[in-house]
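**Q** Chains as they are written, first to last, in this note's numbering: chain A, 1 to 297; chain B, 1 to 354. The beta carbon of each residue, even a glycine, is placed where N, CA and C say it ideally should be.
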Amino acid sequence: METGLLFQLVLNGLIVGALYGVVAMSFVLIYKASQVVNFAQGEFMLIGAWACWWLLTYWQLPFWIGFPVALAFMTVFGVVLQVTVLRPLIGEPVISVIMATVGLSIFFQALMKWMFGVFAQPFPAIFPVERIRIMGLEVQSVYLLSIALSLMIMLGFWWFFNFSKHGLAMRATAFDQQVAQSLGISVPQVFAMSWAISAVVSAVAGVVVGVVSGVSSGLSFYGIKVFPAVILGGLDSVVGAMLGGIIVGLLENLAQYVDSQWLNWGNMTNIAPFYALIIILLIKPYGLFGTKNIERV
Amino acid sequence: MALAPAGEFHASYRADMTIMPTRNSRRALLLGIVLLCFAPLVLGRYELGLLINIGFMGIAALGLNILVGFTGQISIGHAAFFGVGAFLSAYLHERFHIPVILCIPLAGLGSAVVGLVFGLPAARLKGLYLAIATLAAQFILEDFFARAQWFTGGVSGRMTEAVELFGIRFDREESYFYVVLAFTIIMFVMAANLMRTRDGRALIAVRDHYLSAEVMGINLAYYRTLSFAISSFYAGIGGALYAHYLFFVSVEAFNILFSIQFLAMVIIGGLGSVMGSLMGAAFMVLMPEGVQALADMLAGGWIDRTLKLGASISFLREMAIGAAIILFLVFEPDGLAHRWKQIKAYWKLYPFSH
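#1: In its own chain, which residues sit with a C-beta less than 6 Å from the C-beta of W114 (chain A), not counting the 5 before and 5 after it?
#2: Give me the subset of the stretch 318 to 338 of chain B whose CB atoms are less than 7 Å from a CB atom of chain A, sorted by chain position.
#3: Checking 7 Å against the spacing of the C-beta atoms, do V190 (chain A) and Q181 (chain A) come in under that value?
#4: With distances taken Cα to Cα, identify the nearest neighbour of G58 (chain B) among B:V100, B:V180, B:G32, B:I321.
#5: Since F151 (chain B) is in the alpha helix (DSSP H), which residue starts that stretch and which ends it?
#6: Specify the secondary structure class of G342 (chain B) as computed by DSSP and reduced to three states.
#7: In or out: Y346 (chain B) buried (at least 16 other Cβ within 10 Å) or exposed?
#8: So what's V118 (chain A) in DSSP terms, helix, strand or just coil?
#9: Going by DSSP, what residues sit across from L165 (chain B) in a beta bridge?
#10: When Cβ atoms are compared, which residues of the stretch 87 to 121 of chain A fall closer than 8 Å to chain B?
#11: Cα-Cα, which of B:S314, B:H209, B:R169, B:L67 is closest to P356 (chain B)?
#12: What's the gap between the Cα of G127 (chain B) and the Cα of R45 (chain B)?
#13: Since I326 (chain B) contacts G42 (chain A) with CB under 8 Å, what's their CB separation in whole angstroms?
#14: Cα-Cα, which of B:L116, B:A131, B:F38, B:L35 is closest to I76 (chain B)?
#15: So, helix, strand or coil for M159 (chain B), using DSSP?
#16: Could you have a look at F248 (chain B) and say whether DSSP puts it in helix, strand or coil?
#17: Report yes if the C-beta distance between F322 (chain B) and F107 (chain A) is below 7 Å; otherwise report no.
#18: Using a Cβ cut-off of 9 Å, pull out every chain A residue sitting near G127 (chain B), in sequence order please.
#19: Just to confirm before moving on: does the CB-CB distance between A90 (chain B) and A243 (chain B) stay below 7 Å?
#20: By a C-beta neighbour count over all protein chains shown, 10 Å radius and 16 as the cutoff for buried, is M17 (chain B) buried or exposed?
#21: Interface residues of chain B around Y275 (chain A) at Cβ under 9 Å?
#22: Contact check, L277 (chain A) vs A123 (chain B) under 8 Å by CB: the rounded distance?
#23: Roughly how many angstroms lie between the CA atoms of G335 (chain B) and K341 (chain B), to the nearest whole one?
#24: Exposed or buried, which one is Q247 (chain A) when buried takes at least 16 other CB atoms within 10 Å?
#25: Whose Cβ in chain A lies nearer than 7 Å to the Cβ of D143 (chain B)?
#26: Under 7 Å Cβ-Cβ, which residues of chain B neighbour L282 (chain A)?
#27: Return the CA-CA distance between P333 (chain B) and G270 (chain B), expressed in angstroms with no decimal places.
#28: Bridge partners for V215 (chain A) per DSSP, in chain order?
#29: Please name the residue, chosen from A:S194, A:A72, A:G234, that lies closest to L168 (chain A) on a Cα-to-Cα basis.
#30: Does the beta-carbon distance from F254 (chain B) to G69 (chain B) come in below 7 Å?
#31: At the level of alpha carbons, what is the spacing between V266 (chain B) and K284 (chain A)?
#32: Do M287 (chain B) and L111 (chain A) have their CB atoms nearer than 7 Å?
#33: What does a CB cutoff of less than 8 Å around M216 (chain B) pick up in its chain, not counting 5 residues either side in sequence?
#34: Which residues in the same chain have their Cβ closer than 6 Å to the Cβ of S216 (chain A), if we skip the five residues on either side of it in sequence?
#35: Where does Y178 (chain B) fall in DSSP's three states?
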């Protein structure tokens, strides 16, 4: 038993888990507002990170200009995607919509590989990389920054859904589209806005991961890791998504610890969340905080 | 009756349920099969290889169509079941020395059992929950393939043997073509017949309105699981045919992209259409050839130089798959089979089509 390693892994789990949580929240945002399961969430991260990387390296823009420009691009991108691909599919069966987002996911993944290559590209040094010691553990300053950012995004979401006009409109739409429309909320606008916000938030997470470990097509795997997180937390719960993300991050790292100490199977980091996913679906398919969908015949 | 009447005039249930509405349609089908039998005499090995691909992909796509198109369940892990069939057939032959021709249906049955295991959650889940569960199945099985050395040969993959029957080795495109053709015909006739039976109609009822279906006395859990097993059976047969065509099965082949390709075949061919599955498979097998041809045509020109087409042909193919899925869903949601029906309907009423 190496307690040092265990603590380090738990800390890693919290850091990665917070990022999963952020992506999961933006996934839940789309699902709540427009009932679309977005299989292309990871590609939002990928596109955002590559856009920012391209602005910073090719155009040599400073971070404080390049980053907002990339986010502005993602806003437009999210709206355009919703209007061109998802809007014509409103009213189609769930399966069609799922498959459309699967199509989007593989299209953009290949497009990014085509445009930027398959190798990981490091971000130019934006923040000084320092190692800080907390309670005997070595932590890179970038990781602390990423946790702080995740917390800020969470707070932002909380404020948005509870106090802002648009956030309340979004909740109303999620609750009942017809009633929301009769109260003067423009449902198409809410849909477009949810995609825009989701794209932007995912892009922020993408840039954070990119700054820490370089931009590569591996980023889109975060989009798949989102599923265990959201199923665990409940598909339509923002808090659940965050918590689910952190649990999945911890689970991954603990699985790796168990594996490295006793089992030696290898690859448990990536597979453990999916085993958990199947078990949750069997015993509690609506997750910890999800709305129970009761059907009476 | 040689020609179809200009409308629906069926007087009996039997006439309504028939697969071949007229004598001519039966003749056309038989003629088509006879013509295909002469294909190895005319076509080159490359073209035959494409036809063989269409055959086993079509079988697997048909399985997915039974699940997605007829039962309304979704699976993003079809390639994993295809892989189970491929490895199982090779394993059974090597370990127990069962003749390869028997290994193929046995591999189908084995895949069906694996499908049952992963289909058990499907009895309770539907729609997006099921999509996510099958996504998990895809990753778990993929991980299992990479780990189970005894079964898959691990990273180095597994060699397979050629089909042998009556002393003939079907180890070349010219001869293997007939094996695939026979299996394709059997599997497609079986599926077309399945949809006319009580069980097939129950599957369709589950898709159209599962609450009403349950009220009518259809056991939802049973039929959802059954549909998963049938779909995996077809995938297993397709996978086994694939394994004995290439003589080598690699662990990396059955990734999520392959699963999405099967979904694309089903969407492009037409959800809930038996022949559509074959059309979709043909489209998906021929599309990369089209992309390649386009890239070759542009090779050397300024478009090629600025966009680096030649070096990134595999990405272009992936993009084409994604784009095909989206475009078909937005502009032709009923797929090629629907378009084909419209063409037939046009000729049925020819001079008075409006």
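**A** With the structure as the only source:
#1: Within the first sequence, residue 114 (chain A) is the residue found at index 114, counting from 1. If the five residues before and after W114 (chain A) are omitted, its C-beta is found closer than 6 Å to no C-beta atom of its own chain.
#2: E318, M319, I321, G322, A323, I325, I326, L329, V330, P333
#3: By 1-based counting over the first sequence, the position of residue 190 (chain A) is 190. By 1-based counting over the first sequence, the position of residue 181 (chain A) is 181. In this structure, Q181 (chain A) does not lie closer than 7 Å to V190 (chain A) by Cβ.
#4: As a first step, residue 58 (chain B) must be located in the second sequence, where it is residue number 58. Ranking B:V100, B:V180, B:G32, B:I321 by Cα distance to G58 (chain B) puts B:V180 first.
#5: Indexing the second sequence from 1 puts residue 151 (chain B) at position 151. It spans 149 to 152 - the alpha helix (DSSP H) in which F151 (chain B) sits, taken as one unbroken run.
#6: For the purposes of this step, residue 342 (chain B) is taken as residue 342 along the second sequence, with counting starting at 1. Here residue 342 (chain B) is Gln; the residue named in the question, Gly, does not match the sequence. In the structure shown, Q342 (chain B) sits in a helix (DSSP, three-state: H, G or I).
#7: Along the second sequence, read from residue 1 onward, the residue named residue 346 (chain B) stands at position 346. Result: exposed.
#8: Position 118 of the first sequence, counted from the first residue, corresponds to residue 118 (chain A). V118 (chain A): coil per DSSP, three-state reduction.
#9: The count along the second sequence starts at 1 and reaches residue 165 (chain B) at position 165. B:I168, per the DSSP bridge assignment.
#10: For the stretch 87 to 121 of chain A, which is checked against every Cβ of chain B, the residues closer than 8 Å are P88, L89, E92, P93, V94, I95, S96, I98, M99, A100, V102, G103, L104, S105, I106, F107, F108, Q109, A110, L111, K113, W114.
#11: The first residue shown for chain B is 1 and the last is 354, placing residue 356 (chain B) beyond what the model contains.
#12: Against the second sequence, residue 127 (chain B) aligns to sequence position 127. Against the second sequence, residue 45 (chain B) aligns to sequence position 45. Their backbone Cα atoms lie some 42 Å apart in a straight line.
#13: To locate residue 326 (chain B), count along the second sequence from 1; it is residue 326. To locate residue 42 (chain A), count along the first sequence from 1; it is residue 42. Between G42 (chain A) and I326 (chain B) the Cβ distance is about 17 Å, and since that is not below 8 Å, they are no contact.
#14: Within the second sequence, residue 76 (chain B) is the residue found at index 76, counting from 1. Answer by Cα proximity: B:A131.
#15: Within the second sequence, the letter at position 159 stands for residue 159 (chain B). It is a strand residue.
#16: Here residue 248 (chain B) corresponds to residue number 248 of the second sequence, with the count starting at 1. F248 (chain B) falls in the strand class under three-state DSSP.
#17: Working through the second sequence from its first residue, we reach residue 322 (chain B) at position 322. Working through the first sequence from its first residue, we reach residue 107 (chain A) at position 107. Here residue 322 (chain B) is Gly; the residue named in the question, Phe, does not match the sequence. Cβ distance < 7 Å, so G322 (chain B) and F107 (chain A) count as in contact.
#18: Residue 127 (chain B) sits at position 127 when you count from the first residue of the second sequence. Correct list: V37, P93, V94, I95, I98.
#19: By one-based count along the second sequence, residue 90 (chain B) stands at place 90. By one-based count along the second sequence, residue 243 (chain B) stands at place 243. Yes. Within cutoff.
#20: Counting from 1 along the second sequence, the entry for residue 17 (chain B) is found at position 17. Classification for M17 (chain B): exposed.
#21: In the first sequence, counting from the first residue as 1, residue 275 (chain A) sits at position 275. Ordered by position in chain B, the residues that pass the 9 Å Cβ test against Y275 (chain A) are A136, I140.
#22: Position 277 of the first sequence, counted from the first residue, corresponds to residue 277 (chain A). Position 123 of the second sequence, counted from the first residue, corresponds to residue 123 (chain B). So it is not a contact: roughly 17 Å between Cβ atoms.
#23: As a working note, residue 335 (chain B) is residue 335 in the second sequence. As a working note, residue 341 (chain B) is residue 341 in the second sequence. G335 (chain B) and K341 (chain B): Cα-Cα distance of roughly 10 Å.
#24: Within the first sequence, residue 247 (chain A) is the residue found at index 247, counting from 1. Inspection of the sequence shows that residue 247 (chain A) is occupied by Ile rather than by Gln. Buried, by the Cβ-count rule.
#25: As a first step, residue 143 (chain B) must be located in the second sequence, where it is residue number 143. In chain order: N267, I271.
#26: On the first sequence, residue 282 (chain A) is found 282 positions in, with the first residue counted as 1. Per Cβ cutoff of 7 Å: P121.
#27: What you label residue 333 (chain B) is simply residue 333 of the second sequence in a count that begins at 1. What you label residue 270 (chain B) is simply residue 270 of the second sequence in a count that begins at 1. Each residue's alpha carbon lies about 8 Å from the other.
#28: Position 215 of the first sequence, counted from the start, is the residue given in the question as residue 215 (chain A). Residue pairing from DSSP places V215 (chain A) in a beta bridge opposite A:Q121.
#29: What you label residue 168 (chain A) is simply residue 168 of the first sequence in a count that begins at 1. Looking at the Cα atoms, A:S194 is the closest of the given residues.
#30: As a working mapping, residue 254 (chain B) is identified with position 254 in the second sequence. As a working mapping, residue 69 (chain B) is identified with position 69 in the second sequence. Cβ distance not < 7 Å, so F254 (chain B) and G69 (chain B) don't count as in contact.
#31: By one-based count along the second sequence, residue 266 (chain B) stands at place 266. By one-based count along the first sequence, residue 284 (chain A) stands at place 284. Spanning the two alpha carbons is a distance of roughly 31 Å.
#32: In the second sequence, counting from the first residue as 1, residue 287 (chain B) sits at position 287. In the first sequence, counting from the first residue as 1, residue 111 (chain A) sits at position 111. It is not a contact, given that the beta carbons lie outside the stated cut-off.
#33: Against the second sequence, residue 216 (chain B) aligns to sequence position 216. Closer than 8 Å at the Cβ level, and outside the excluded window around M216 (chain B), lie A205.
#34: Counting from 1 along the first sequence, the entry for residue 216 (chain A) is found at position 216. Hits under 6 Å: A120.
#35: Mapped onto the second sequence, residue 178 (chain B) falls at position 178. Reduced to three states, the DSSP call for Y178 (chain B) is helix.
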